[in-house]
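The numbering of the sequence shown is the numbering used here, which starts it at 549 and goes up by one.
Idealized CB from N, CA, C, for every residue including glycine.
All of these numbers come straight from a predicted model, not from anything done at the bench.
One structure below.
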Amino acid sequence: MEQLIPGFDKNKPLYGGLIAKENTINPVLERCLRFKTWVETLIEKVKE
């Protein structure tokens, strides 16, 4: 995400909320494999 949005790493709560509000999560998941993997891991943990 830092490559797409300079300063993202320092302001994740701010930018994360704005991104989620303006977009669905799918484009973020498509562009950020690390985030997608983290979300998928959370989903699997919830299913257990």
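Span of the alpha helix (DSSP H), counted from its first residue to its last, around residue i
{"i": "P561", "result": "560-570"}
{"i": "I591", "result": "581-595"}
Same chain, Cβ closer than 6 Å to residue i, neighbours up to 5 away in sequence not counted
{"i": "K584", "result": "L577"}
Same chain, Cβ closer than 8 Å to residue i, five either side skipped, listed in chain order
{"i": "E588", "result": "none"}
Beta-carbon proximity list for residue i, same chain, < 7 Å, skipping 5 on both sides
{"i": "V557", "result": "Sequence inspection shows Asp at residue 557; the Val mentioned does not correspond to that position. Answer for D557: E550, listed in chain order."}
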